[in-house]
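*Asks:*
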Amino acid sequence: FSKPNQIVNFQDGKFSEPISLENPYSEGKFDFMSFVSYRSHLYFLDAENNSIIKYPLVSEFNWGTPESWLAPEIKTALDFKSMAVDGSIWILTKENAIERYHAGKLQQTISLEIFPYPKTFSKIFTSSQHPYLYFLEPVQKRVVILDKSGQTIKQFQSQKFDNLLDFAVSENGKTIYLLNGLKVYK
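Residue numbers for the sequence shown, in my numbering: 15 to 200.
What follows is the structure in structure tokens.
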């Protein structure tokens, strides 16, 4: 994904030509800040309009008309900074709360009971293949793993994690790759 609205596919060692996605609004600006693909549909957090936009897959590398994913009664009250999708959409808010939405409606808010308490998580990750929620917290040099009810499973913390930028989790969930500056830790 490249701002403002381009997708490039990487397959068989090659990049595709950029695909421009349709503006989700008839008029106005948008600012996609986070992107997740789930079952080949594309989901974006729109910081400009505090919304979640879904682009349904029509055919290979062809997405249909964008649609607002949140239910109409949910107004622009989201204060999100990251999302993950596993059938539900998990939102990490600016206050480090975790909200789970399903079918466009808020289903659950998870209260965190983690020590030390998070100062500022920067990213959330999960998938339908993973039973856990993973969080990156560069300020406290750690990755936190919770089950989907909010119970702490494990934390990985190190003084070596002095410039955490991103992370990825293997398909089987047994390996976490941490991007720390120009280094990758496994």
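We treat Cβ as the ideally placed atom computed from N, Cα and C, and that holds for glycine.
Rank Y52, Y191, P130 by C-alpha distance to the C-alpha of T166 and give the top, closest one.
*Replies:* Within the sequence shown, the letter at position 152 stands for residue 166. Checking every option, the nearest Cα to that of T166 belongs to P130.
*Asks:* Assuming K137 contacts F149 (C-beta within less than 8 angstroms), just tell me the rounded distance between them.
*Replies:* Here residue 137 is taken as the residue at index 123 of the sequence shown, counted from 1. Here residue 149 is taken as the residue at index 135 of the sequence shown, counted from 1. Beta-carbon to beta-carbon, K137 and F149 are separated by about 7 angstroms, close enough to satisfy the 8 angstroms threshold.
*Asks:* How about S96 and R114: are their beta carbons less than 7 angstroms apart?
*Replies:* Here residue 96 refers to the residue found at position 82 of the sequence shown. Here residue 114 refers to the residue found at position 100 of the sequence shown. Cβ distance not < 7 angstroms, so S96 and R114 don't count as in contact.
*Asks:* In the DSSP assignment, the beta strand (DSSP E) including S172 goes from what residue to what residue?
*Replies:* Within the sequence shown, the letter at position 158 stands for residue 172. No beta strand (DSSP E) contains S172, which DSSP labels as neither H nor E.
*Asks:* Going by alpha carbons, who is nearest to K155 out of D161, A117, L192?
*Replies:* Numbered from 1 along the sequence shown, position 141 holds the residue referred to as residue 155. Of the candidates D161, A117, L192, the one whose C-alpha sits nearest the C-alpha of K155 is L192.
*Asks:* When we look at the beta-carbon of V50 and count the other beta-carbons within 10 Å, is it buried (16 or more) or exposed?
*Replies:* In the sequence shown, residue 50 corresponds to position 36, counting from 1. Counting Cβ neighbours within 10 Å, V50 comes out buried, since at least 16 surround it.
*Asks:* Can you tell me which of L126, P86, F94, S163 puts its alpha carbon nearest to the alpha carbon of A117?
*Replies:* The residue labelled residue 117 in the question sits at position 103 within the sequence shown. When each option's Cα is compared against that of A117, the closest is P86.
*Asks:* In the DSSP assignment, find the beta strand (DSSP E) that holds E185 and state where it starts and stops.
*Replies:* Working through the sequence shown from its first residue, we reach residue 185 at position 171. First-last for E185: undefined, no H or E at that position.
*Asks:* If we ignore side chains and look at the alpha-carbon of each, how far apart do F135 and E151 end up?
*Replies:* Against the sequence shown, residue 135 aligns to sequence position 121. Against the sequence shown, residue 151 aligns to sequence position 137. Computed Cα separation, rounded: 4 angstroms.
*Asks:* Buried or exposed for I112, please, with buried defined as at least 16 other CB atoms from any protein chain shown within 10 angstroms of its CB.
*Replies:* Along the sequence shown, one-based indexing puts residue 112 at 98. Under this definition I112 is a buried residue.
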